[in-house]
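Read the structure below first, then the notes.
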Amino acid sequence: MIWTLFWLLDELLFLYFWAVIFAALFSMLASFGVLDTRNRVVWSIGDFLYRLTEPALRPIRNMLPNFGSVDISPVIVLLLLQAARMILQAVYQSIILGSLRPLF
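1371 is the number that my numbering gives to position 89 of the sequence shown; each next residue is one higher, with no gaps.
Set out below in structure tokens:
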């Protein structure tokens, strides 16, 4: 049962990792005019990705200084998600498998 919980958390973090990548790519393609956001389907996809990733990106953007038109908040969120996955795997190994490897 506990293995399933760790697996589910890891998969959710992995899916959110890809959602942040897709949102950053979508935003870049829309800003360069490659995607037509007046199209209803394209707009719906962009709105979904924005609503999914903005709660994680907004606090990072508020803490970072202004870099002009460059937004590095997705990179920081991706690094934090990867760190969370690594910590989750270390906790899994130390609790479930019984290894005494330090978390940090």
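All residues carry an ideal CB built from backbone N, CA and C; glycine is no exception.
Residue i vs residue j beta-carbon contact at 7 angstroms
{"i": "Phe1299", "j": "Leu1362", "result": "no"}
{"i": "Thr1335", "j": "Val1357", "result": "no"}
Close beta carbons around residue i, own chain, < 8 angstroms, minus the five adjacent residues each side
{"i": "Val1370", "result": "Correcting the residue type first, residue 1370 is Leu in the shown sequence and not Val. Hits under 8 angstroms: Phe1288, Leu1291, Asp1292, Leu1295."}
{"i": "Leu1311", "result": "Leu1317"}
{"i": "Leu1360", "result": "Phe1299, Val1302, Ile1303"}
Buried or exposed (CB count within 10 angstroms, at least 16 for buried), residue i
{"i": "Ser1355", "result": "buried"}
{"i": "Val1352", "result": "exposed"}
{"i": "Ala1365", "result": "exposed"}
Simplified DSSP assignment, three categories, for residue i
{"i": "Ile1378", "result": "coil"}
{"i": "Thr1335", "result": "helix"}
{"i": "Asp1318", "result": "coil"}
{"i": "Leu1346", "result": "coil"}
{"i": "Asp1353", "result": "coil"}
{"i": "Met1310", "result": "helix"}
{"i": "Met1368", "result": "helix"}
6 angstroms Cβ shell around residue i - same chain, five flanking residues per side excluded
{"i": "Phe1308", "result": "Gly1328, Leu1331"}
Contact set for residue i: own chain, Cβ-Cβ below 7 angstroms, skip 5 residues either direction
{"i": "Ser1313", "result": "none"}
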